[in-house]
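S.K.: Residue numbering for the sequence shown follows this note's numbering, beginning at 268 and increasing consecutively.
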Amino acid sequence: MLIAMRRRDRHHTGELFFAAALFIASAGFVLWQNAHLTVLWDLSYILENAARIAKSQIPYRDFPFPYAPLTFITQAAIIRILGRAIWHHQLYSAFVGGLGTMVTWRLLRHLLDEIGISAEWLSLLLAAPLIFLGTNSIFPHPFYDSDCTVYILCWLWLWRRCERENYPRPLTFLCGALMVAPIFIKQNTGLVFFAAAATCATWMLLRGVRRSWPVLAGAAAGLAVSVTLVQHFFGVGNYLHWTIGFAASRRLPGLSTMLGVYQDPSLLWPAAAFFAGMALWMGAPKIANRMANRIAYYVARWLAASLLLYPFVAAVAALFLQDNDSDRIEALLRLWPIVLIAALLFALAKIIQDLRQHRSPRALTLMPVILLGTVHGAFLSQQLWGSTYALWPMFMLLLAGVLTALAYKVNPLQGTSKLLVIFTAILALLLTANGAYYALCHERLNYVALGSTTENAASESSANGDSDSAAKDSASAPDDPLRHSHLPALRGLAMRGPWLGNFDELADYAARNIPVGDAILEVPGEDLFYFATGRTPQFPVILMDNTVNPYSATELAHLAREKNVRWVIVKRQLQLQEEPIPFRAQLIELLSADFHREKQLGDYDIYRRP
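1. Output needed for Pro-435: all residues of its chain with C-beta closer than 8 Å, excluding positions within five of it in sequence on either side, in chain order.
2. Find the nearest neighbour of Gln-620 within the set Pro-804, Thr-305 and Ala-672, judged by alpha-carbon distance.
3. What three-state label does DSSP hand His-751 in the structure shown?
4. Could you check how far apart the C-beta atoms of Met-661 and Val-636 are, in whole angstroms? I think they sit under 8 Å.
5. Considering Gln-649, what are the terminal residues of the alpha helix (DSSP H) in which it resides?
6. Let me check one thing: in DSSP terms, what residues is Val-482 bridge-paired to?
7. Thinking Arg-517 and Thr-821 are a contact (beta carbons under 8 Å), I'd like their distance in whole angstroms, please.
8. Between Asp-594, Asp-812 and Gly-550, which has its C-alpha nearest Glu-846's C-alpha?
9. Please report the distance separating the alpha-carbon of Met-545 from that of Ala-571.
10. Which same chain residues end up closer than 6 Å to Asn-455 when comparing Cβ atoms and leaving out the 5 residues on each side of it in sequence?
11. Of the residues His-709, Val-417, Ala-674 and Asp-870, which one's Cα is nearest the Cα of Gly-364?
12. Run through the region 391 to 452 for me and flag every whole beta strand (DSSP E) of 3 or more residues, listed as ranges in chain order.
13. Is Ala-860 helix, strand or coil by DSSP?
14. For Ala-287, does the three-state DSSP call read helix, strand or coil?
15. When the Cα of Ala-463 is compared with those of Leu-760, Gly-640 and Leu-773, which residue comes out closest?
16. Just how far apart, CA to CA, sit Leu-754 and Phe-770?
17. Does the count of Cβ pairs from the region 315 to 330 and the region 384 to 391 closer than 8 Å reach three?
18. Should Tyr-776 and Asn-505 be called a contact, given that it needs their Cβ atoms to be closer than 7 Å?
19. Considering only their Cβ atoms, is the gap separating Leu-795 from Leu-298 smaller than 7 Å?
20. Run through DSSP, which three-state label would Val-306 get?
21. According to DSSP, which residues form a beta bridge with Pro-326?
22. Hey, could you find the ends of the beta strand (DSSP E) Glu-710 is sitting in?
23. How big is the Cα-Cα spacing for Ala-695 and Leu-664?
24. Please classify Ala-786: does DSSP put it in a helix, a strand, or coil?
25. Would you mind working out which of Leu-857, His-356, Leu-337 and Ala-335 sits nearest Ile-345, comparing C-alpha positions?
26. Thinking just about the alpha-carbon of each residue, which of Pro-437, Thr-803, Thr-510 and Ile-809 is nearest to the one in Ser-479?
27. Taking 7 Å as the limit between beta carbons, can you name the residues of its chain near Ala-756, skipping five residues before and five after?
28. Could you work out which residue in Ser-311, Ala-539, Ala-543 and Ile-689 is closest to Trp-256 when comparing CA atoms only?
29. Evaluate Phe-284 with the Cβ neighbour count: other Cβ atoms within 10 Å of its Cβ, from every protein chain shown; 16 or more gives buried, anything less gives exposed.
30. Ala-311: which of Glu-856, Tyr-564, His-863 and Gln-842 sits nearest, CA to CA?
31. What is the DSSP secondary structure of Asp-872, counted as helix, strand or coil?
32. In three-state terms, what does DSSP make of Val-815?
33. Assuming Leu-374 and Leu-423 are in contact, meaning their beta carbons sit under 8 Å apart, how far apart are those beta carbons, in whole angstroms?
34. Figure out for me which residue from Leu-472, Leu-823 and Ala-444 has the closest Cα to the Cα of Ala-488.
35. If we ignore side chains and look at the alpha-carbon of each, how far apart do Leu-378 and Ala-448 end up?
36. CB-CB under 8 Å to Val-583, same chain, minus the five flanking residues each way: which ones, in chain order?
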């Protein structure tokens with residue numbers, strides 16, 4: 268008994284070490300990314316709206332808001348409790364990234380425990396790429412995509428724990444109630460997740476898992492409470508209009524666009540090699556039996572493993588063979604459709620097998636179904652290229668499900684388990700190399716200029732809306748030094764290019780010349796103006812992006828009169844590579860009837876109503 272206790276203690280110590288190592292490595296990488304990288308447009312959208320919520324302004328009611336509220340409310344709570352400091356939100360982002368990797372590792376461990384082949388080391392190997400491909404590693408700021416993914420991962424872990432403890436009623440009811448929350452973090456991902464999770468819970472109940480009924484009861488209670496709170500704070504009509512009706516009208520892709528993920532001609536050879544390898548792996552025992560030759564079995568297995576690895580090797584080879592970052596990253600993203608199809612096939616095969624053998628479904632069996640639905644729900648916003656940056660933990664879980672299915676075909680002959688371990692180690696190494704390049708080349712962030720070699724590019728662009736050409740001229744340069752802000756709220760924010768210095772100049776001018784109570788209109792808005800200065804927004808739109816701004820140029824000019832706007836701040840050179848509002852010139856012309864230019868700063872034109 269003493270020996271068993273010592274082994275158990277060593278086992279727990281080892282698991283704690285692995286968990287801490289993965290958490291620290293992932294969180295540390297997110298902090299390092301924040302130390303030299305800032306995406307102003309998206310970070311501002313989160314924190315500027317959080318700052319106005321912290322000022323007790325209500326989204327959907329007081330200002331248009333086409334996103335789910337929980338990420339913004341969380342950041343607003345940080346502002347209310349800890350004050351306005353950018354490093355608070357950077358620490359939050361690092362914590363979320365580390366937590367996501369750690370929880371994914373635990374889920375990988377549960378999946379791989381099913382096959383009993385070096386599960387401790389295989390789960391660690393498959394979690395290692397998430398140091399670079401974690402929820403917050405590629406885009407390192409607080410965001411609803413990463414928050415939603417981490418929450419869903421934690422929910423899956425809780426669901427699995429309920430199953431392992433034979434569904435204790437209070438914990439299972441809580442698990443069901445928490446199923447609702449992702450809807451209010453990111454609506455497209457959360458709605459599909461909720462539908463998939465509720466369907467799987469219902470299936471379990473119908474198939475004889477009677478003790479799981481509190482999951483559905485908790486989900487119904489959580490939904491009822493959520494609707495009540497939404498009605499109380501926002502109004503259900505307002506909420507549905509902005510988060511469903513308006514958001515879908517601006518961002519929802521067509522079916523052909525969604526299916527385009529699987530219709531890419533460049534998928535042909537990688538997919539053919541992978542599925543041929545999968546068929547050969549599954550058929551190796553039959554080949555050995557027919558040929559009565561053990562060597563044939565091993566040859567078939569090694570050939571199958573080589574074919575299965577081909578798409579992953581091709582993705583790494585693209586790093587050396589392709590000429591630009593876009594093509595290199597596309598080779599990595601091409602793995603997604605292959606793994607999604609393979610995971611679906613194995614998930615359906617497992618469900619059918621359980622039906623034939625009259626076995627009750629389990630959480631680990633149905634987890635791929637929930638993940639597949641959730642991933643495709645996330646694709647509704649920006650499809651494969653734009654949506655997957657925070658979904659890589661789900662990719663690793665689906666890949667582990669495929670490996671688990673392949674591992675069941677290892678047992679007929681001893682010794683081939685070593686092949687699976689070697690195969691997984693190579694797979695993890697290839698994904699780590701690709702993931703590191705993906706995170707470090709910043710190709711996912713190519714919609715903004717991450718640096719500038721031209722300090723006076725802003726002054727060369729005119730106030731008529733020619734910020735797009737100026738931004739395109741500001742290419743990222745390795746020798747461009749990091750700039751920091753002198754504003755107390757922005758200490759810890761770092762980026763290359765002139766934007767922080769120019770914004771500091773604007774903030775200083777506003778402090779000296781613009782009364783705190785005056786209403787301000789920013790065109791098109793990109794900066795952390797209200798977060799940094801502590802002012803209260805008095806205009807309904809902060810960032811004029813097509814996906815969030817419901818107003819035309821005429822309506823905005825009318826609102827400026829209605830809200831008694833005294834100042835208009837026009838930013839000439841954006842970090843954003845494309846002009847977010849096509850009617851910028853028209854808007855400025857309309858505003859010119861009521862405003863005259865008071866001051867021209869390095870990157871801003873300041874207009875004042877006489």
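Ideal Cβ positions, reconstructed from N, Cα and C, are used throughout, including at glycine.
M.R.: In terms of the structure at hand:
1. Residue mapping note: residue 435 aligns to position 168 of the sequence shown, counting from 1. Within the same chain, Pro-435 has close Cβ partners Cys-429.
2. Position 353 of the sequence shown, counting from 1, holds the residue named residue 620. Answer by Cα proximity: Ala-672.
3. In the sequence shown, residue 751 corresponds to position 484, counting from 1. Looking at His-751 - three-state DSSP - the assignment turns out to be strand.
4. For this step, residue 661 is matched to residue 394 along the sequence shown. For this step, residue 636 is matched to residue 369 along the sequence shown. Actually they do not touch by this definition, with Cβ atoms about 12 Å apart.
5. Indexing the sequence shown from 1 puts residue 649 at position 382. For Gln-649, the enclosing alpha helix (DSSP H) covers residues 630 to 654.
6. By 1-based counting over the sequence shown, the position of residue 482 is 215. None; Val-482 has no bridge partner.
7. Taking the first residue of the sequence shown as 1, we reach residue 517 at position 250. Taking the first residue of the sequence shown as 1, we reach residue 821 at position 554. That belief does not hold up - the Cβ atoms of Arg-517 and Thr-821 are roughly 19 Å apart, past 8 Å.
8. Numbered from its first residue, the sequence shown carries residue 846 at position 579. When C-alpha distances from Glu-846 are compared across Asp-594, Asp-812 and Gly-550, the shortest belongs to Asp-812.
9. As a first step, residue 545 is located in the sequence shown; it is residue number 278 there, counting from the start. As a first step, residue 571 is located in the sequence shown; it is residue number 304 there, counting from the start. As the crow flies, the alpha-carbon of Met-545 is around 7 Å from that of Ala-571.
10. In the sequence shown, residue 455 corresponds to position 188, counting from 1. The answer, listed in chain order, is Gly-644, Leu-647 and Ser-648.
11. Here the question's residue 364 lines up with position 97 in the sequence shown. Among His-709, Val-417, Ala-674 and Asp-870, the Cα nearest to that of Gly-364 belongs to Val-417.
12. none
13. Reading the sequence shown from its first residue, position 593 is the one you call residue 860. Ala-860: coil per DSSP, three-state reduction.
14. The count along the sequence shown starts at 1 and reaches residue 287 at position 20. DSSP places Ala-287 in the helix class (H, G or I) of the three-state scheme.
15. On the sequence shown, position 196 is the one that residue 463 refers to. Nearest of Leu-760, Gly-640 and Leu-773 to Ala-463, Cα basis: Gly-640.
16. The residue labelled residue 754 in the question sits at position 487 within the sequence shown. The residue labelled residue 770 in the question sits at position 503 within the sequence shown. Rounded to the nearest angstrom, the two C-alpha atoms are 10 Å apart.
17. no
18. In the sequence shown, residue 776 corresponds to position 509, counting from 1. In the sequence shown, residue 505 corresponds to position 238, counting from 1. For Tyr-776 and Asn-505, no; Cβs fall outside 7 Å.
19. Locating residue 298 in the sequence shown gives position 31, where the first residue counts as 1. Locating residue 795 in the sequence shown gives position 528, where the first residue counts as 1. No, these two residues do not count as a Cβ contact at 7 Å.
20. Taking the sequence shown and counting its residues from 1, one reaches residue 306 at position 39. Three-state result, Val-306: coil.
21. In the sequence shown, the residue the question calls residue 326 occupies position 59. In DSSP, Pro-326 forms a bridge with Phe-330.
22. Residue mapping note: residue 710 aligns to position 443 of the sequence shown, counting from 1. No beta strand (DSSP E) holds Glu-710; DSSP gives it neither H nor E.
23. As a first step, residue 695 is located in the sequence shown; it is residue number 428 there, counting from the start. As a first step, residue 664 is located in the sequence shown; it is residue number 397 there, counting from the start. Each residue's alpha carbon lies about 13 Å from the other.
24. The residue labelled residue 786 in the question sits at position 519 within the sequence shown. Here Ala-786 sits in strand by DSSP.
25. What you label residue 345 is simply residue 78 of the sequence shown in a count that begins at 1. Checked all of Leu-857, His-356, Leu-337 and Ala-335; the closest Cα to Ile-345 is His-356.
26. As a working note, residue 479 is residue 212 in the sequence shown. Nearest of Pro-437, Thr-803, Thr-510 and Ile-809 to Ser-479, Cα basis: Pro-437.
27. Within the sequence shown, numbered from 1, the residue matching residue 756 stands at position 489. Taken in chain order, the residues that qualify are Arg-351, Ala-352, Ile-353, Phe-798 and Ala-799.
28. Because the chain is modelled from 268 through 877, residue 256 falls outside the range shown and cannot be assessed.
29. In the sequence shown, residue 284 corresponds to position 17, counting from 1. Burial call: exposed.
30. Translated into the one-based positions of the sequence shown, residue 311 becomes position 44. Going by the sequence as given, residue 311 is Ser instead of Ala. It is Gln-842 whose Cα lies nearest to the Cα of Ser-311.
31. Locating residue 872 in the sequence shown gives position 605, counting from the first residue. Asp-872 carries a strand assignment under DSSP once its states are collapsed to helix, strand and coil.
32. Reading the sequence shown from its first residue, position 548 is the one you call residue 815. Coil.
33. As a working mapping, residue 374 is identified with position 107 in the sequence shown. As a working mapping, residue 423 is identified with position 156 in the sequence shown. Going by Cβ atoms, the distance from Leu-374 to Leu-423 rounds to 6 Å, so yes, they are a contact pair.
34. Stepping through the sequence shown from its first residue, residue 488 is reached at position 221. That would be Ala-444, whose Cα lies nearest to the Cα of Ala-488.
35. Counted from its first residue, the sequence shown places residue 378 at position 111. Counted from its first residue, the sequence shown places residue 448 at position 181. Using only the alpha carbons, I get a separation of about 25 Å.
36. Here residue 583 is taken as the residue at index 316 of the sequence shown, counted from 1. Same-chain partners within the cutoff: Leu-697, Ala-700 and Asn-701.
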